[in-house]
Amino acid sequence: MGVVSVKDSGSGIDSDIVPRLFEKFASKSFQGTGLGLFISKKIIEAHGGKIWAENNTDQKGATLYFSLPKFSNIRK
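Residue 16 in numbering that gives the first Met the number 0 is what sits at position 17 of the sequence shown, and the numbering runs on without skipping anything.
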């Protein structure tokens, strides 16, 4: 698996939202549709991957990770 991470230095993820972060309409924000991470999860899982997020322990913010299988057989 290859893993990609995106780290920010914002306020982090509200502990009330963490368990349902990737569900529809999980955000408390009034901006956006509340579907972005839900759709991302569905796409990544459809390709055999995983997505997860963690609050940063060493500083402010959170890190979002996703993994996808590595393919070694490339068709031409």
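We put the CB at the ideal spot given by N, CA and C, even for glycine.
* Look up Glu53 in the DSSP assignment and give the residues it is bridged to. => In DSSP, Glu53 forms a bridge with Thr62.
* At which residues does the beta strand (DSSP E) containing Lys6 begin and terminate? -> That run of the beta strand (DSSP E) goes Gly1 to Lys6.
* Using the Cα positions of Gly47 and Val5, report the straight-line distance between them to the nearest angstrom. => Going from the Cα of Gly47 to the Cα of Val5 covers about 20 Å.
* Sequence-distant residues of the same chain with beta carbon closer than 8 Å to Lys23, five excluded per side -> Once the five neighbours on either side are set aside, the close Cβ partners of Lys23 are Gly33, Leu34 and Phe37.
* Asked: At what residues does the alpha helix (DSSP H) containing Ala45 begin and finish?
  -> According to the DSSP assignment, Ala45 belongs to the alpha helix (DSSP H) that extends over Gly35 to Ala45.
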